[in-house]
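In this text, residue positions in the sequence shown follow the working numbering: the first is 40, and each later residue adds one. Below is one structure, written out as structure tokens; comments come after it.
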Amino acid sequence: MVDKSPKSPDFPTDVAAETQGESLADVLSEVEDIGTSMAPSQLPLLAAGGLVKSFGGIRAVDNVSIEVAKGSITGLIGPNGAGKTTLFNLLSNFIHPDKGRVLFDGEPIQNLQPHQIAQRGMVRTFQVARALSRLSVMENMLLAVQKQTGENFWNTWFRGKQIRAEERQQKERAMTILESIGLAHMANEYAGALSGGQRKLLEMGRALMANPQLILLDEPAAGVNPTLINQICDRILTWNREGITFLIIEHNMDVIMSLCDRVWVLAEGRNLAAGTPAEIQTNSQVLEAYLGQ
Ligand SMILES: Nc1ncnc2c1ncn2[C@@H]1O[C@H](COP(=O)(O)OP(=O)(O)O)[C@@H](O)[C@H]1O
Ligand SMILES: [Mg+2]
């Protein structure tokens, strides 16, 4: 269990946002210099400084910095095209930045594959749920852990019996998770039979199979009916109380405001603001960015 009260120290994140990340970049080099002499709980679980990513002529992410305190539920918002999903791709190394650094749990991750990052405890979901329609819900859960841990076929082949015991355990674990997200009764159905909202839940269930410290959620409430949105929020809060840190992209402001300890705002590929939900809600620049859409 993580006690949520002692937050990570007050890194100058508001200042960082105002100066488009330079301060956080400084903090990051400090973090590296300080290394392990600082208590681990005082380091942000995830921190990135000065990230840049261009696609052709478009700077999708332009000198962006962000940090996610351990034990927090951190929000990431911004108008369409602001660079949120690209930032997720950079944070999880699905794509490589042109510039900038990402530290997870105090370690640089730029040389790791996404599955290695998952093994270290950071997993992400996709804006468009990736469940395989022609596999059962249970098979999707089991496949997720295989993919995220990078297990390969030959390894599995040679380790025969031991693998079967592990598989049984994984299956039990998958069932427990499916129960917690209200999908146990669908375990043997095709994933294609799930509603949009249930697919989002399955996507979260798949992320949980990796036993993560940090989950990045890309629009968990998009296209989900209000009842299921409430259920998803409840689950996120419960998992957070159990010790999982979240970074959540979401357009539904009720979700962001009710869940998040801290919110980062991007606009046109840049840091626009960072603060508590209350601060963000009344920030005139943020309101302008949304109205200007
Ligand atoms: N793979 C890509 N190739 C070219 N342009 C891209 C690619 N991914 C994103 N973009 C562009 O980068 C910008 C940011 O996109 P995205 O990160 O998806 O924004 P958001 O998730 O905030 O809506 C957009 O202008 C988008 O068109
Ligand atoms: Mg997006």
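C-beta: ideal position from N, C-alpha, C; glycine also.
Item: Nearest-angstrom Cα distance between H290 and E228?; Value: 30 Å
Item: Distance, Cα to Cα, L233 vs P251?; Value: 24 Å
Item: Looking only at its own chain, which residues have a Cβ that is under 6 Å from the Cβ of I268, when we skip the five neighbours before and after it?; Value: A260
Item: Is the closest heavy atom of ligand 1 to the C-beta of K138 under 7 Å?; Value: no
Item: Using DSSP with H/G/I as helix, E/B as strand and the rest coil, what is S337?; Value: The question about residue 337 has no answer, for the chain in this structure spans 40 to 332.
Item: Does ligand 2 have even one heavy atom less than 7 Å from the beta-carbon of T124?; Value: yes
Item: Quick check on T277: does DSSP put it in helix, strand or coil?; Value: helix
Item: Rounding to the nearest angstrom, what Cα-Cα distance links V21 and C272 in this structure?; Value: Nothing about residue 21 can be reported from this structure: the residues present for the chain run from 40 to 332 only.
Item: Rounded to a whole number of angstroms, what is the C-alpha to C-alpha distance between T188 and A249?; Value: Confidence at T188 is low in this model, with a pLDDT of 49, below 50, so the placement of that residue is unreliable and no value is reported for it.
Item: Going by the beta-carbon positions, is the gap between L311 and V304 smaller than 8 Å?; Value: yes
Item: Any idea if S104 is buried or exposed, counting beta-carbon neighbours within 10 angstroms, 16 or more meaning buried?; Value: buried
Item: Quick check on E327: buried or exposed, where buried means 16 or more other Cβ atoms within 10 Å of its Cβ?; Value: exposed
Item: Around the Cβ of T342, are there at least 16 other Cβ atoms within 10 angstroms (buried) or fewer (exposed)?; Value: In the structure as shown, the chain begins at 40 and stops at 332. Residue 342 is therefore absent and cannot be evaluated.
Item: In angstroms with no decimal places, state the Cα-to-Cα distance between E258 and I97.; Value: 23 Å
Item: Between R159 and S131, how many whole angstroms is the CB-CB distance? I'm expecting something under 8 Å.; Value: Actually they do not touch by this definition, with Cβ atoms about 11 Å apart.
Item: Reducing DSSP to helix, strand and coil, say where I283 ends up.; Value: coil
Item: Quick check: what's the CA-CA separation for K210 versus M177?; Value: 8 Å
Item: Let me confirm a value: E281 is counted as buried when at least 16 other C-beta atoms fall within 10 Å, else exposed. Which label applies?; Value: exposed
Item: Within this structure, are the beta carbons of L298 and L84 separated by less than 8 Å?; Value: no
Item: On a Cα-Cα basis, can you pick out the residue from I220, L256, H224 that is closest to L29?; Value: Outside the modelled stretch of the chain, which goes from 40 to 332, sits residue 29, for which no answer is possible.
Item: Let me check one thing: in DSSP terms, what residues is I3 bridge-paired to?; Value: No answer is possible for residue 3: the residues shown for the chain start at 40 and end at 332.
Item: What do you get for M180, buried or exposed, if any count of 16 or more other CB atoms within 10 angstroms of its CB means buried?; Value: buried
Item: Could you tell me which residues DSSP pairs with V302 in its beta bridges?; Value: G114, G314
Item: Does DSSP classify P29 as helix, strand or coil?; Value: This structure does not reach residue 29, given that the chain is present from 40 up to 332, and the question cannot be answered.
Item: Pick helix, strand or coil for S297, following the three-state DSSP scheme.; Value: helix
Item: Exposed or buried, what is T277 when buried is set at 16 or more other beta-carbons lying within 10 Å of its beta-carbon?; Value: exposed
Item: In three-state terms, what does DSSP make of Y329?; Value: helix
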